[in-house]
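Take the position in the sequence shown, starting the count at 1, then add 9; the result is the number in the working numbering. Every residue, glycine too, gets a C-beta built ideally from N, C-alpha and C. Remember, it's a predicted structure, so these values are computed and weren't measured experimentally. Written out below as structure tokens is the structure these notes cover.
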Amino acid sequence: YEHTAMMGWQAQQPMSVDPGFRVSSAPQVHPASQPHFSHPQHRAPVAYARPHAHGPSPSAMVTGELKPGANSVKVHTSRRWVVFVWLLIAGCATLAITSFGSSGAVPPVPVGVEQNPGASRSPHGNGKEQQSVGAADEPMIARQVHHMTDMQFKVHLESHRPRKKGSGAYAEAVPKPVTKRSFFSKRLSTTFCPVPKVASSNWKYLFRKFTGVATYQNLAEAHDRKTSGLKYLWDMEPDQMEEWMQDKANFKFMFVRNPYSRVLSCYLNKFVGKTEQSEEYRGYMTQLFKAKTDAEFAAKPTFAQFVEAIRKQGLGEMNEHWAVQTYLCSNDIVAYDFIGRYEQLDADSATVLRRLGFGESEQFPSQKQINFLGSGADGRIKEFYTKHIADMVYEIYKADFEAFDYSRELKELST
Numbered sequence: 010y011e012h013t014a015m016m017g018w019q020a021q022q023p024m025s026v027d028p029g030f031r032v033s034s035a036p037q038v039h040p041a042s043q044p045h046f047s048h049p050q051h052r053a054p055v056a057y058a059r060p061h062a063h064g065p066s067p068s069a070m071v072t073g074e075l076k077p078g079a080n081s082v083k084v085h086t087s088r089r090w091v092v093f094v095w096l097l098i099a100g101c102a103t104l105a106i107t108s109f110g111s112s113g114a115v116p117p118v119p120v121g122v123e124q125n126p127g128a129s130r131s132p133h134g135n136g137k138e139q140q141s142v143g144a145a146d147e148p149m150i151a152r153q154v155h156h157m158t159d160m161q162f163k164v165h166l167e168s169h170r171p172r173k174k175g176s177g178a179y180a181e182a183v184p185k186p187v188t189k190r191s192f193f194s195k196r197l198s199t200t201f202c203p204v205p206k207v208a209s210s211n212w213k214y215l216f217r218k219f220t221g222v223a224t225y226q227n228l229a230e231a232h233d234r235k236t237s238g239l240k241y242l243w244d245m246e247p248d249q250m251e252e253w254m255q256d257k258a259n260f261k262f263m264f265v266r267n268p269y270s271r272v273l274s275c276y277l278n279k280f281v282g283k284t285e286q287s288e289e290y291r292g293y294m295t296q297l298f299k300a301k302t303d304a305e306f307a308a309k310p311t312f313a314q315f316v317e318a319i320r321k322q323g324l325g326e327m328n329e330h331w332a333v334q335t336y337l338c339s340n341d342i343v344a345y346d347f348i349g350r351y352e353q354l355d356a357d358s359a360t361v362l363r364r365l366g367f368g369e370s371e372q373f374p375s376q377k378q379i380n381f382l383g384s385g386a387d388g389r390i391k392e393f394y395t396k397h398i399a400d401m402v403y404e405i406y407k408a409d410f411e412a413f414d415y416s417r418e419l420k421e422l423s424t
């Protein structure tokens, strides 16, 4: 009866206690009509009753005084047992909370639940919300990825699979830019398509380290295909590339970035951040503005002029630093297994590293570690953008906005 009373159930009829018998739900019968058993083992079986319709109060359960309706029943219960149960429950709850808090692991957000209201949608078609440029909500961190269970990690990994996969017709990709820029590692069973201005230097740094290149910290070597020590798809025969890319064990991934911040980062890094005498700067000016004289090189373009010049170029004419991401990595052909985001670089890079078999000790290198400081474009959106410029950027990179589900709305312009 104590157990059923604690569960909060209700009795169908009043109960009585006879000094010679256990508590029973049977109708009250005079003691004389009941059989007598001289030995305790021969007493009638216990019949646990449903509690009374009004039930016992919490205080009555603790004190042992149960008052269903107008009847008073004294149940001899162990207060120690009640206290023990409550302490056990409290202890388990405390242990669970403490373990999650100390490890940094948090239960994964169920698929389809919005994490960041107002943020742009995920590029992976699972309903999961992502941060937009300059979003204030704190994203998932690498430690949380490493503390996921295998099942949680499998779900998390699947959530980053693109909603619309490439055709897999890799013979058509041979003349495309993707084969010249994508590098692979058969030891790690992976292929990566780097996109400029999306932490591509960081990944080259890591891959060179993984493949045992002694000078993996030298970025100048990393960006030169002849000295990088990396193996590119272009180096394979077409039939070998086809076989490799069709191999299900080959983990194919890429990282993307919001076009609004990516094109601004390119402008700040390649034009604002370069001197007029820089060979790299003059190359970009010649390519984009047909500059030839010193006076023309000295006239650095505004951000609006930069974007307008890009808009006049065709897909194949664009420099890789501002080229359309879906064009660079042939998302219409390559069936990528994972598309990470620059806006969630910490967690998404940790996801890739764990998928490749590395533990928490192997961390994604920071910009300071690779000696390549960022442009800070994410924090300067409002400084450079107008509605007209935003409209031009959307027109140029519409394929990226749609393929990766980045929002067309630039919230910085409305604040």
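Pick from the options that is closest to residue i, judged by C-alpha positions
{"i": "Tyr415", "options": "Asn340, Pro268 and Ser339", "result": "Pro268"}
{"i": "Phe298", "options": "Arg271, Leu273 and Glu326", "result": "Glu326"}
{"i": "Gln353", "options": "Lys420, Phe315, Phe264 and Phe306", "result": "Phe264"}
{"i": "Ser384", "options": "Ala178, Val207, Gln249 and Lys173", "result": "Val207"}
{"i": "Lys163", "options": "Lys391, Val361 and Gln226", "result": "Val361"}
{"i": "Glu411", "options": "Glu181, Thr188 and Asp341", "result": "Asp341"}
{"i": "Gln153", "options": "Gly292, Leu96, Ala399 and Ser358", "result": "Ser358"}
{"i": "Thr335", "options": "Gly177, Phe413 and Ser194", "result": "Phe413"}
{"i": "Leu166", "options": "Lys185, Glu418 and Ile348", "result": "Ile348"}
{"i": "Gln296", "options": "Val272, Ala304 and Lys321", "result": "Lys321"}
Residue(s) in a DSSP beta bridge with residue i
{"i": "Phe262", "result": "Phe201 and Phe347"}
{"i": "Lys240", "result": "Phe193"}
Which of helix, strand or coil DSSP assigns to residue i
{"i": "Lys185", "result": "coil"}
{"i": "Phe312", "result": "helix"}
{"i": "Leu382", "result": "coil"}
{"i": "His39", "result": "The pLDDT assigned to His39 is 48, lower than 50, so where the model puts this residue is not dependable, and the model offers no usable value."}
{"i": "Ala318", "result": "helix"}
{"i": "Asp409", "result": "helix"}
{"i": "Trp331", "result": "coil"}
{"i": "Ile342", "result": "coil"}
{"i": "Glu418", "result": "coil"}
{"i": "Ala223", "result": "coil"}
{"i": "Gly325", "result": "helix"}
{"i": "Ala180", "result": "helix"}
Residue i, enclosing beta strand (DSSP E) - first and last residue
{"i": "Ser274", "result": "Premise fails: Ser274 lies in the alpha helix (DSSP H), Pro268 to Tyr276, not in any beta strand (DSSP E)."}
Span of the alpha helix (DSSP H) around residue i
{"i": "Pro247", "result": "Pro247 to Gln255"}
{"i": "Met401", "result": "Lys396 to Ile405"}
{"i": "Asp159", "result": "Asp159 to Glu167"}
{"i": "Trp212", "result": "Ser209 to Phe219"}
{"i": "Ile336", "result": "According to the sequence as given, residue 336 is Tyr; it is not Ile. Its alpha helix (DSSP H) spans residues Gln334 to Leu337."}
{"i": "Lys391", "result": "Ile390 to Phe393"}
{"i": "His155", "result": "Ala151 to His155"}
{"i": "Ser358", "result": "Leu354 to Arg364"}
{"i": "Glu369", "result": "No alpha helix (DSSP H) contains Glu369, which DSSP labels as neither H nor E."}
{"i": "Gly305", "result": "Correcting the residue identity first, residue 305 is Glu in this sequence and not Gly. Here the alpha helix (DSSP H) through Glu305 covers Asp303 to Ala307."}
{"i": "Leu425", "result": "The chain is shown only over 10 to 424; residue 425 falls outside these bounds and no answer can be derived."}
Any chain D beta carbon closer than 7 angstroms to residue i
{"i": "Pro268", "result": "The chain inventory of the structure shown lacks chain D, comprising one protein chain alone."}
Closer than 6 angstroms: residue i CB and nearest the ligand GDP heavy atom
{"i": "Asn227", "result": "Only the bare structure without any ligand can be found here, which leaves the ligand GDP out of the picture."}
Review point. Quick one: complete alpha helix (DSSP H) runs, 4+ long, within the region 274-299?
Key: 288-298
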